[in-house]
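Protein chains: 2
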Amino acid sequence: MTDAITFPDVRIVLVETTHPGNIGAAARAMKNMGLSRLVLVAPRDFPNEKAVWRSASASDVVESAVVADSVADAIADCQLVIGTSARDRRIPWPMLEPRECGEKVFSEATAGNAVAILFGREARGLKNEELQQCHYHVNIPTAEAYSSLNLAMAVQVIAYEILQAARGDAPLEAPWDMEFASAESVEHLIDHLEQTLIEVGFHDPDNPRQLMTRLRRLLTRVRLDAMEVNILRGFLSAIEKKIR
Amino acid sequence: MTDAITFPDVRIVLVETTHPGNIGAAARAMKNMGLSRLVLVAPRDFPNEKAVWRSASASDVVESAVVADSVADAIADCQLVIGTSARDRRIPWPMLEPRECGEKVFSEATAGNAVAILFGREARGLKNEELQQCHYHVNIPTAEAYSSLNLAMAVQVIAYEILQAARGDAPLEAPWDMEFASAESVEHLIDHLEQTLIEVGFHDPDNPRQLMTRLRRLLTRVRLDAMEVNILRGFLSAIEKKIR
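Chains as they are written, first to last, in my numbering: chain A, 1 to 244; chain B, 245 to 488.
And the structure:
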């Protein structure tokens, strides 16, 4: 047992989970590894006694789970968002190994940032639009013959690596001079940017191609701080003022 | 996915498992991580369709499981035997961390040794007489509040570390889809941005404060790719065209 390691704000976000047993098993895996904040986005069957039963002695985690309507709601105030993903995506995103993920989550949580780790549906994982709200993707390596992990097993591996990092010599993140922007403020920035792109005639929503996906990838992977968001919003407002 | 890593003789030995669902979940975890040899010592309820159902696409592992009467029978021909254990035992035994365990198992299996890893009963683990047949004990660190992992979760963590050891330094980083931008092209972008900021009245070169330094920090740390530079240059040109 590892004494008294606390994770001030690391939340595990399960998106549209079908089987309540998986919610319970994930809660147990979390508590075993010292995590307690569970967020359920539109679960298919919750509350359900199977979730409590499978959680064994982690029923407190199940019972205090927060239900959210959307991924955006679940992560609105988070400053680091990581999505679990199979490796191959058309537009590559910054990737972490589970071990790197554990170190990053621990060091950022210790620095006071709110962290969310997203886990997708049992059969289909996270949608592209959900993955594109993440700063990083994490992929759990598997054998070639069978690559689909059970949902709670994936939570177990990721939570295990967070506790490993907490126990070990995980390097602490160099301090930044500003606090990182929340997921919600970045979403507002991206909305504002899209509006401005349309107004200056650079973006045609009827023929979007990959433009917004590429800009979204840029603006998530850079991990904007709060002042940068303010600067960019100010620039967009100045453009609008000038052209109206 | 990790290509074609094979573990010549690494067997997972589950001792007197009560719930057949745990056997199936353990089999899935094994196959996900490239292990296939499952040995069941005196299982309480096996064969059972729940084991097959919970194994998902690892029913081959369940169906080829070998049933043994005792731990001694299960490990008779093994040259390295590791038992999972809670940490505190009256007589200390050589201990491995899960990560060390993964490395040891992989290196010995690669050298041709037959390896067994023992997992005990759901409620009570391995008996002392069983643990004393092991060369090493391995303990999965947990949080203080709840130290009892589900059996299949423990198999998942140990099997994950074996595959991690086998993968070694295999890079996970997905190739980026575009070449990274040259330093010169980023300098031109920053010049263009500054010009536009002045034209829309957001930046006063006579009173620059930290604006350009902050934007430069943003645009260098994100490691822009060539297409992103083109997109941003195109956006700036569209703004200029609109306001002139």
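Built from N, CA and C at the ideal position, the CB exists for glycine as well.
Item: Starting from D421(B), find everything on chain A with Cβ-Cβ shorter than 7 Å and list it in chain order.; Value: I91 and P92
Item: Name the residues in the region 466-478 of chain B whose C-beta lies less than 7 Å from a C-beta of chain A; which are they?; Value: V466, M471, E472, I475 and G478
Item: Run down chain A in chain order and give the residues with a C-beta less than 9 Å from the C-beta of M339(B).; Value: In chain order: nothing, as chain A lies at least about 14 Å away.
Item: For F424(B), I'd like the list of residues in its chain whose CB is within less than 8 Å of its CB, leaving aside the five on either flank, ordered along the chain.; Value: R467, L468, D469 and A470
Item: What does the alpha-carbon distance come out to for the pair M178(A) and S185(A)?; Value: 14 Å
Item: Between V115(A) and chain B, is the shortest Cβ-Cβ distance under 9 Å, so that the two count as touching?; Value: no
Item: Compare the C-beta of K486(B) against all C-beta atoms of chain A and say whether one is closer than 9 Å.; Value: yes
Item: What is the rounded straight-line gap between the Cα of I361(B) and the Cα of F350(B)?; Value: 12 Å
Item: Would you mind stating whether Q132(A) and I75(A) have Cβ atoms separated by less than 9 Å?; Value: no
Item: P385(B) to D9(A), Cα distance in whole Å?; Value: 21 Å
Item: For A114(A), is the beta carbon positioned less than 8 Å from some heavy atom of the ligand MG?; Value: Of the ligands one can find in the structure shown there are none, so the ligand MG has no counterpart to examine.
Item: Are any of the Cβ atoms in chain A nearer than 9 Å to that of E344(B)?; Value: no
Item: Looking at W297(B): is its Cβ nearer than 9 Å to the Cβ of G268(B)?; Value: yes
Item: Give the interface partners of M193(B) over in chain A, defined as CB-CB distance under 8 Å, in chain order.; Value: In the structure as shown, chain B starts at 245 and stops at 488, and residue 193(B) therefore has no counterpart that could be examined.
Item: Relative to the C-alpha of G478(B), which candidate in H432(B), E260(B) and Q323(B) has its C-alpha closest?; Value: H432(B)
Item: Quick check on S280(B): buried or exposed, where buried means 16 or more other Cβ atoms within 10 Å of its Cβ?; Value: buried
Item: Can you check whether the C-beta of L197(A) is within less than 9 Å of a C-beta belonging to chain B?; Value: yes
Item: Using a threshold of 9 Å, state whether the C-beta atoms of A270(B) and Q400(B) are closer than that.; Value: yes
Item: V81(A) bridges to which residues according to DSSP?; Value: A116(A)
Item: Entirely within the region 101-164 of chain A and at least 4 residues each: give me those alpha helix (DSSP H) ranges in chain order.; Value: 128-131
Item: Hey, how far is the Cα of S299(B) from the Cα of S182(A)?; Value: 40 Å
Item: Ignoring anything shorter than 3 residues or poking outside the region 265-306 of chain B, list the beta strand (DSSP E) runs there in chain order.; Value: 281-285
Item: Which bits of chain A does A353(B) rub up against, with CB to CB less than 9 Å?; Value: Per Cβ cutoff of 9 Å: no residues; A353(B) is ~14 Å from chain A at best.
Item: Where do the ends of the alpha helix (DSSP H) carrying I256(B) lie?; Value: From DSSP, I256(B) is part of no alpha helix (DSSP H) but of the beta strand (DSSP E) over V254 to V259.
Item: Would you say V41(A) and V67(A) are within 9 Å of each other, going by their C-beta atoms?; Value: yes
Item: With a 10 Å radius around its C-beta and 16 neighbouring C-beta atoms as the bar for buried, classify N113(A) as buried or exposed.; Value: buried
Item: Return no unless some Cβ of chain A is closer than 9 Å to the Cβ of F446(B).; Value: yes
Item: List the residues of chain B that A238(A) touches, going by C-beta distances under 7 Å, in chain order.; Value: V444, G445 and F446
Item: In the DSSP assignment, what residue or residues form a beta bridge with F180(A)?; Value: D225(A)
Item: Check whether the Cβ atoms of N150(A) and E122(A) lie closer than 9 Å to each other.; Value: yes
Item: Any idea what DSSP makes of A320(B), helix, strand or coil?; Value: coil
Item: Along chain E, which residues have their Cβ under 8 Å away from the Cβ of S301(B)?; Value: You won't find chain E in this structure, because its protein chains are A and B.
Item: Any idea what DSSP makes of A68(A), helix, strand or coil?; Value: strand
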